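Asker:
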Amino acid sequence: MLSAISGFANVLTPQYLLLAAIGVTIGTAIGVLPGIGPVLTVALLLPLTYNFDPTGALIMFAGIYYGGMDGGSTTSILLNTPGESASVATTFEGFAMAKSGRAGAALATAAVGSFVAGTLSPILLTFVAPLLARVALLFQPADYFALTVLAFVSVTALVGSSVIRGMISLFIGLFFGLIGIDILSGQVRMTFGIVELLDGIDVVVVAVGLFAVGEALYVASQLRHSKEEILSVRSSIWMNCEEWQRSWPAWLRGALIGFSLGALPAGGAEIPTFLSYTIEKRLSKHKEEWGHGAIEGVAGPEAANNAAFSGVLVPLLTLSLPTSATAAILLAAFQIYNLQPGPLLFQKAPDLVWTLVASLYIGNMMLLILNLPLIRIWVKILTIPRPLLYSGILVFGTLGVYSMANSFIDVLLMYAIGVIGFFMRRFQLPVGPAILGLILLPLAEAQFRRALAISQGDLSVFVPRPLSLGLLLAALAALVLPYLPALAARLTGKQTGPRRLVFGKGDED
Amino acid sequence: MQAALSATTGQTVQVYNVSGAGGTIGLAQFVNEAKGKPHELMVGGLVMVGAIQTNKAPVSLSQVTPIALLTAEAEAIVVPADSKYQTLQELITDFKANPTAIVWGGGSAGGTDHILVGLIAKTVGVAPNQVNYIAYSGGGEATAAILSGAVTAGVSGVSEFAEQVAAGTMRMLAVSSEQRIEGVGAPTLKEAGVDVALMNWRAVFGAPDLTAEQRAAIIATFAKMHASKEWQDALAKNGWSDFFRTGDEFNSFLNNEMTRIGGVLRDLGLVQ
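First to last, the protein sequences are chains C and B.
Residue 3 is where the first sequence starts when you use my numbering, and the numbers rise one by one after that.
Residue 41 is where the second sequence starts when you use my numbering, and the numbers rise one by one after that.
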C-alpha cells in the first residue's frame with residue numbers, strides 16, 4: 003500500500019505530468035481518426051522512445067491507449083464511424099442521439115462515464131493485481147500453456163465475424179513469431195540464412211507493417227469512396243437532471259463489466275462494451291427509446307471500454323500475458339526497456355508499477371478537461387486530408403523502423419508485411435489477432451514444450467493440475483459458447499436465428 | 041567502461057550496442073568493418089563463445105585480437121526454499137541415479153547456465169544429452185519458474201538470485217567460482233565435490249589484423265584504465281568482480297574456454 007501512495011508522489015513530478023498530458027492528447031487525436039488506433043500509434047512511437055526513462059514512456063503509452071478510447075467515442079457519436087473497435091457499441095445509441103439533436107448529452111455522458119470508470123478501475127487494479135501476482139507465482143508451464151490457449155481461443159472465437167478468419171490471422175502472426183533462434187533448443191528456424199533474422203522479427207516491424215503500411219495502402223485503394231457526413235454539435239455539451247440519473251448506474255455497471263472482463267485472459271475492450279450494451283438494454287425502463295437514442299447505451303459501453311484498460315493491465319503486469327493487440331505492443335515496450343512483466347515485476351519494479359497506476363487517475367482527469375470543453379477542436383482533426391495524413395504515417399513509420407537497428411532489412415520486411423496487411427484488410431481478416439499470435443503463440447509453444455520436458459514427454463501433464471485443467475475447459479467453453487443458442491434452437495425445433503453469436507467486429511487496432 | 045576509458049585516454053569514447061544472437065551479429069559486423077582499425081574495440085564474453093558455435097556463425101573470436109579480460113561473474117545453483125535438497129551432494133546423488141528426473145531451469149539454450157549444467161553432468165559421469173534443461177528467456181523468467189516449483193533446480197548468475205536468497209524463498213546450494221564469494225554463504229562446486237569452475241566473463245577485443253605495436257598500445261591503455269578510480273568505482277557500483285588479465289595469459293585462457301565450451305556444447309547436442 004505504501005508503494006501505491008509513493009506512486010502518486012512520483013507521478014506528480016512535472017516530467018511525468020507532461021508525458022501523461024502528451025499521451026492523452028495524442029490518444030484523443032488518434033482515437034478521433036478512424037483507422038488509426040493505439041496499436042499503430044504506440045508502435046510508431048516505440049523506436050523514438052528507446053532512450054526514454056521506461057516509467058515515463060509507459061505513462062505516455064497508457065495515456066495514448068485510454069485517450070484513444072475517449073476519442074473513439076466522439077467519432078462514433080458524430081460520424082457513426084467508430085474511431086476504434088471498442089467504440090463500435092457506442093455508435094448504436096450515440097449516433098441516434100446525435101441525429102435527434104442530443105449530441106451534446108451523448109458526448110457528455112461518454113466523457114464523464116470514461117472519467118468515472120477511469121477513476122474506479124485503477125482502484126480495483128490496485129487491489130487485484132498484487133493478489134494475482136502472488137497467485138501467479140504458483141503458475142507452472144502447464145498452467146501458462148492452458149492460459150495462452152484460453153486467450154487465443156477467446157480472441158478468435160468470441161470476437162470477429164468468423165472463427166476461420168480469426169485463426170488465419172492468428173497463424174500469420176504465429177509464422178512471424180517462429181522465425182529466429184528457438185529459445186528451448188538454441189536451434190535456428192526459418193531464417194533462410196539471413197543473419198538479421200536470427201533474433202526473430204521485431205514486434206514493432208510487424209505492427210508498423212500490418213497496421214500503418216497495410217492501412218495506408220488500403221485507404222489509398224478506397225480513396226474515391228463517398229465522404230462521411232459529420233453531424234455538428236448544436237446543443238451544449240452537458241446533461242440534464244434526468245440524463246444524469248439514467249447515466250450513473252450505467253457507468254458503474256459498465257466500469258465493473260469492463261474491468262472484470264478486461265482482467266480475464268479473454269480480455270480486450272470489445273467484448274465488455276458489447277456486453278455492457280446488451281445488459282443496459284435489458285435493464286432499461288425506457289425500452290421504447292432504444293434505437294432512437296437511449297443514453298444508457300452510450301454511458302455503459304463508454305465506461306466499459308475505459309475500465310477495460312485497467313483490466314487488461316492485470317494479466318499483462320502479473321502474468322506477462324497480453325490479451326489484446328494493444329497489450330501485446332505494451333508488452334513489447336516493457337521488454338525493450340529490459341523489464342519483464344510477470345509475478346516478480348511487483349517486487350522488482352514497484353515504483354514503475356505504482357507510478358503507472360497512479361498515472362491512470364491523473365490521465366483520466368486530464369481527459370475530462372480535454373474532452374468536455376475542447377470537443378469541437380477534436381472534430382476539426384477529421385478535416386485533415388487523408389492522403390496527407392497517411393503519407394505522413396508512412397514516412398514516420400519508415401524512419402522509426404529504420405532507426406531501431408539501422409537495418410535496411412527491417413524496412414524491407416516492414417513493407418513486405420504491409421502488403422500482407424493490405425490483403426488481410428482486402429479479404430476482411432482481422433489484423434489484431436496477428437499481433438497477438440506473434441507474441442502469444444510462441445509463448446504457448448515454449449510453455450507447451452517446457453511442460454512436456456518437465457513431465458518427460460507425458461501428455462497427461464495438463465490434466466491433473468486443477469489450474470491448467472480449468473483453464474483448458476474454459477477455452478473449450480469459449481469455442482462452443484457462440485454456437486449454443488443456435489444449437490438449443492435447433493434441438494427445441496424452433497426457427498434458427500444467426501448461427502453464431504458475435505461479440506465484436508474483431509478489427510481491433 | 042565508457043566513462044572510465046574516456047577519463048583514461050582523455051578522449052570521447054563512443055559505444056554502439058549491436059544486439060542479437062548472443063553477440064554474433066555484432067562480431068560479424070566488427071570483423072567485416074573494423075579490420076586493421078586500432079581505434080575500434082569490441083566487448084564480448086563467454087556467451088559469445090557459445091553463440092558462435094550454436095549459431096554456426098561465419099566468423100569466430102580467433103579472427104579478432106584479444107586485448108584484456110575485464111570482469112567475471114560466478115554462477116549459482118539454487119533450489120526453492122521448500123525443496124528437499126539441502127546440499128549440492130544430495131542433488132547430484134539423485135541426478136546420477138535418474139538424470140532426466142532432475143529438471144534444471146536457466147537462461148537460453150547454449151548460454152552460460154546451460155553450459156554449466158553440461159559441465160557438471162560431464163564431471164559427475166552423467167551423459168550431457170541426458171540433461172533435462174528448460175531454457176527461459178532470461179534470469180527473471182527463470183526465477184519465477186524456480187519459485188513456482190516447476191523446475192528442480194535453477195542456474196543463473198549469483199546476482200540474479202541474491203534478492204530471493206536473502207528473502208528466504210530460495211536456497212543457494214553452490215557457486216561456480218574457484219574461491220568462495222564474500223557475503224555469499226554457499227560453497228563452491230569444487231568444495232561440494234564437483235570439480236567444475238565456470239565464470240561468466242567479459243573481455244575487450246581489438247580489430248582483426250592489428251600490428252604487435254598497436255596491440256601493445258591498446259593493452260597499455262586498458263592497464264591504465266584498470267588502475268583508474270573510475271573503473272574501480274564502476275566495478276563496485278555494478279557488483280562486477282575484477283578479472284583483469286591481458287596478453288598471453290588471456291590468449292591461453294580464451295583458447296581453453298573455446299575448446300572446453302565447444303566440447304560441452306557438442307556433448308549437449310547443441311552443436312553437430
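Built from N, CA and C at the ideal position, the CB exists for glycine as well.
None of the values given here were measured: they were computed from a predicted structure.
With H, G and I counted as helix, E and B as strand and the rest as coil, what does DSSP make of C/N12?
Answerer: Taking the first residue of the first sequence as position 1, residue 12 of chain C is located at position 10. Note: C/N12 maps to helix in three-state DSSP.
Asker: So what does DSSP say about C/S187, is it helix, strand or coil?
Answerer: Position 185 of the first sequence, counting from 1, holds the residue named residue 187 of chain C. C/S187: coil per DSSP, three-state reduction.
Asker: To the nearest angstrom, how far is it from the Cα of B/T52 to the Cα of B/L81?
Answerer: By 1-based counting over the second sequence, the position of residue 52 of chain B is 12. By 1-based counting over the second sequence, the position of residue 81 of chain B is 41. In a straight line, the C-alpha of B/T52 is about 14 Å away from that of B/L81.
Asker: Examine chain C for any beta-carbon lying closer than 8 Å to the beta-carbon of B/V89, and answer yes or no.
Answerer: In the second sequence, residue 89 of chain B corresponds to position 49, counting from 1. Taking Cβ atoms only, chain C never reaches closer than 8 Å to B/V89, which makes this a no.
Asker: Assuming contact is defined by CB atoms lying nearer than 8 Å, are B/V104 and B/F245 in contact in what I supplied?
Answerer: The sequence position of residue 104 of chain B within the second sequence is 64, counting from 1. The sequence position of residue 245 of chain B within the second sequence is 205, counting from 1. Yes, the pair counts as a contact, with Cβ atoms nearer than the cut-off.
Asker: Would B/V143 count as contacting chain C if we go by Cβ distances under 8 Å?
Answerer: On the second sequence, position 103 is the one that residue 143 of chain B refers to. It does: the Cβ of B/V143 has a partner Cβ on chain C nearer than 8 Å.
Asker: Between the C-alpha atoms of C/V205 and C/L443, what's the straight-line distance to the nearest angstrom?
Answerer: Along the first sequence, read from residue 1 onward, the residue named residue 205 of chain C stands at position 203. Along the first sequence, read from residue 1 onward, the residue named residue 443 of chain C stands at position 441. Rounded to the nearest angstrom, the two C-alpha atoms are 13 Å apart.
Asker: Can you check whether the CB of C/A252 is closer than 8 Å to the CB of C/P274?
Answerer: Walking along the first sequence from the start, residue 274 of chain C turns up at place 272. Walking along the first sequence from the start, residue 252 of chain C turns up at place 250. No, Cβ-Cβ distance for C/P274 and C/A252 is not below 8 Å.
Asker: Using a threshold of 8 Å, state whether the C-beta atoms of B/M212 and B/A190 are closer than that.
Answerer: Here the question's residue 212 of chain B lines up with position 172 in the second sequence. Here the question's residue 190 of chain B lines up with position 150 in the second sequence. Cβ distance not < 8 Å, so B/M212 and B/A190 don't count as in contact.
Asker: Let me make sure I understand the geometry here. Which of C/A257, C/T93, C/V207, C/E245 has the alpha-carbon closest to that of C/H512?
Answerer: Residue 512 of chain C is absent from the model: chain C starts at 3 and stops at 511.
Asker: If the criterion is Cβ atoms closer than 8 Å, does the pair C/L266 and C/L473 meet it?
Answerer: Start at 1 with the first residue of the first sequence, and residue 266 of chain C comes out as number 264. Start at 1 with the first residue of the first sequence, and residue 473 of chain C comes out as number 471. Going by C-beta atoms, C/L266 is not nearer than 8 Å to C/L473.
Asker: What do you get for C/P468, buried or exposed, if any count of 16 or more other CB atoms within 10 angstroms of its CB means buried?
Answerer: Reading the first sequence from its first residue, position 466 is the one you call residue 468 of chain C. Burial call: exposed.
Asker: Indicate whether at least one CB of chain C lies closer than 8 Å to the CB of B/L187.
Answerer: For this step, residue 187 of chain B is matched to residue 147 along the second sequence. So, interface residue.
Asker: For a contact meaning CB atoms closer than 7 Å, what does C/A455 contact in chain B?
Answerer: Numbered from its first residue, the first sequence carries residue 455 of chain C at position 453. The contacting residues are N172, I174.
Asker: When you compare only the Cα positions, how much space is there between B/Y173 and C/L277?
Answerer: Translated into positions along the second sequence, residue 173 of chain B becomes position 133. Translated into positions along the first sequence, residue 277 of chain C becomes position 275. Looking at the two C-alpha atoms, the distance is approximately 45 Å.
Asker: Would C/I281 pass as a contact of C/R255 if the rule is Cβ separation under 8 Å?
Answerer: Against the first sequence, residue 281 of chain C aligns to sequence position 279. Against the first sequence, residue 255 of chain C aligns to sequence position 253. Yes. Within cutoff.
Asker: Measuring alpha carbon to alpha carbon, tell me which residue in C/P487, C/F194, C/I185, C/I259 is nearest B/A182.
Answerer: Residue numbering aside, residue 182 of chain B sits at position 142 when the second sequence is read from its first letter. Minimum Cα distance to B/A182 is reached at C/I185.
Asker: Work out the CA separation of C/D72 and C/A31 for me, nearest whole Å.
Answerer: Within the first sequence, the letter at position 29 stands for residue 31 of chain C. Within the first sequence, the letter at position 70 stands for residue 72 of chain C. Approximately 10 Å between the Cα atoms of the pair.
Asker: Taking only the alpha-carbon atoms, compute the straight-line gap between C/L199 and B/Y125 and give it to the nearest angstrom.
Answerer: Translated into positions along the first sequence, residue 199 of chain C becomes position 197. Translated into positions along the second sequence, residue 125 of chain B becomes position 85. Between C/L199 and B/Y125, the C-alpha separation is close to 42 Å.
Asker: For B/R211, name the three-state secondary structure that DSSP assigns.
Answerer: In the second sequence, the residue the question calls residue 211 of chain B occupies position 171. Reduced to three states, the DSSP call for B/R211 is strand.
Asker: Taking Cβ positions only, does C/A375 come closer than 8 Å to chain B?
Answerer: Position 373 of the first sequence holds residue 375 of chain C. The amino acid occupying residue 375 of chain C in the given sequence is Pro; Ala does not appear at that position. Not an interface residue.
Asker: Cutting at 6 Å between CB atoms, please list the residues of its own chain near C/V463, excluding the five before and the five after it.
Answerer: Locating residue 463 of chain C in the first sequence gives position 461, where the first residue counts as 1. If we look at C/V463 and ignore the five residues flanking it on each side, its Cβ neighbours are A144, A453, S457.
Asker: Does C/F348 get closer than 8 Å to chain B when you measure Cβ to Cβ?
Answerer: As a position in the first sequence, residue 348 of chain C is number 346, starting the count at 1. It does not; no Cβ of chain B falls within 8 Å.
Asker: Which residues in chain B sit within 7 Å of C/S462, going by Cβ to Cβ distance?
Answerer: Counting from one through the first sequence, the residue named residue 462 of chain C turns up at place 460. Correct list: empty, because the minimum Cβ distance to chain B is about 16 Å.
Asker: For the beta strand (DSSP E) that contains B/A108, what are its first and last residues?
Answerer: For the purposes of this step, residue 108 of chain B is identified with residue 68 of the second sequence, where counting begins at 1. Run containing B/A108: 105-120, per the beta strand (DSSP E) assignment.
Asker: Sorted by chain position, which residues of the same chain lie with C-beta nearer than 6 Å to C/A59's C-beta, five sequence neighbours on each side aside?
Answerer: Translated into the one-based positions of the first sequence, residue 59 of chain C becomes position 57. T51.
Asker: Counting contacts by CB-CB distance shorter than 8 Å, is B/I65 in contact with chain C?
Answerer: Counting from 1 along the second sequence, the entry for residue 65 of chain B is found at position 25. It does; some Cβ of chain C falls within 8 Å.
Asker: Suppose you measure from the CA of C/A110 to the CA of C/T92; what does that come to, to the nearest Å?
Answerer: As a working mapping, residue 110 of chain C is identified with position 108 in the first sequence. As a working mapping, residue 92 of chain C is identified with position 90 in the first sequence. Each residue's alpha carbon lies about 13 Å from the other.
Asker: Between B/S196 and B/G165, which are expected to be in contact by the criterion C-beta below 8 Å, what is the C-beta distance as a whole number of angstroms?
Answerer: As a first step, residue 196 of chain B is located in the second sequence; it is residue number 156 there, counting from the start. As a first step, residue 165 of chain B is located in the second sequence; it is residue number 125 there, counting from the start. That pair is no contact at about 25 Å.
Asker: Can you tell me whether DSSP reads B/G178 as helix, strand or coil?
Answerer: Locating residue 178 of chain B in the second sequence gives position 138, where the first residue counts as 1. Looking at B/G178 - three-state DSSP - the assignment turns out to be coil, as it is neither helix nor strand.
Asker: Can you tell me the Cβ-Cβ gap for C/L321 and C/A138, rounded? I've got them flagged as a contact below 8 Å.
Answerer: Numbered from 1 along the first sequence, position 319 holds the residue referred to as residue 321 of chain C. Numbered from 1 along the first sequence, position 136 holds the residue referred to as residue 138 of chain C. Right, their Cβ atoms sit about 5 Å apart.
Asker: Residues of chain B with CB closer than 8 Å to the CB of C/L415, please, in chain order.
Answerer: Within the first sequence, the letter at position 413 stands for residue 415 of chain C. Chain B residues near C/L415: none, gap ~14 Å exceeds 8 Å.
Asker: Using a C-beta to C-beta distance shorter than 7 Å, which residues of chain C count as neighbours of B/G178?
Answerer: In the second sequence, the residue the question calls residue 178 of chain B occupies position 138. Going along chain C in sequence order, the residues near B/G178 (Cβ under 7 Å) are Q342.
Asker: Who are the Cβ neighbours of C/I61 in its own chain at under 8 Å, not counting the five residues just before and after it?
Answerer: Counting from one through the first sequence, the residue named residue 61 of chain C turns up at place 59. V13, Y18, L21, A22, G25, T357, L358, S361, G365, listed in sequence order.
Asker: Here's the rule I'm using: 16 or more other beta-carbon atoms within 10 Å means buried, otherwise exposed. How should C/N242 be labelled?
Answerer: Taking the first residue of the first sequence as position 1, residue 242 of chain C is located at position 240. Classification for C/N242: exposed.
Asker: If B/A214 sits next to B/L238, beta carbons under 8 Å apart, how far is it from one beta carbon to the other, in whole angstroms?
Answerer: Here residue 214 of chain B is taken as the residue at index 174 of the second sequence, counted from 1. Here residue 238 of chain B is taken as the residue at index 198 of the second sequence, counted from 1. Contact flag wrong, Cβ pair sits at about 11 Å.
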